[in-house]
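Numbering (full-length UniProt numbering), first residue to last: 1 to 134.
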């Protein structure tokens, strides 16, 4: 019984430590902007201004994308946009002057390739674009 108590106490200590480490991470690194069923597939750097996150949900069969500002662009209301489409399809976009992020935008593309693009105002609207096949 004593060994079991020590094991539980050790696991609790590890869990608390992990929670503290997670809390120290930047808010935009840990956030899931698309919903609980979405898992992060890939993150693209948008110049030095932020990141384009691409997610997928097997329960909905949809991909999701969000462009998040970083550094001086996180918390600053400036131009941010995110675009997503099933390859060859119509772009679905969210563009505007946002304080933290543009999106989320969703497309149903299970078993197909998608195109994504994220842009943040600054040096010629530095952007990231990619074709992603799940």
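In this text, a Cβ means the ideal position worked out from N, Cα and C, and glycines have one as well.
query, result
"Do residue 49 and residue 35 have their beta-carbon atoms positioned less than 8 Å apart in this structure?", "no"
"Please classify residue 91 as buried or exposed, where buried requires at least 16 neighbouring CB atoms within 10 angstroms.", "exposed"
"With a threshold of 6 Å on Cβ separation, who are the neighbours of residue 129 within its own chain once the five nearest residues in sequence on each side are excluded?", "117"
"Secondary structure at residue 71, three-state DSSP: helix, strand or coil?", "helix"
"Residues in the same chain with beta-carbon distance under 6 Å from residue 62, minus the five sequence neighbours each way, listed in chain order, please.", "106 and 108"
"Helix, strand or coil: which one does DSSP assign to residue 32?", "coil"
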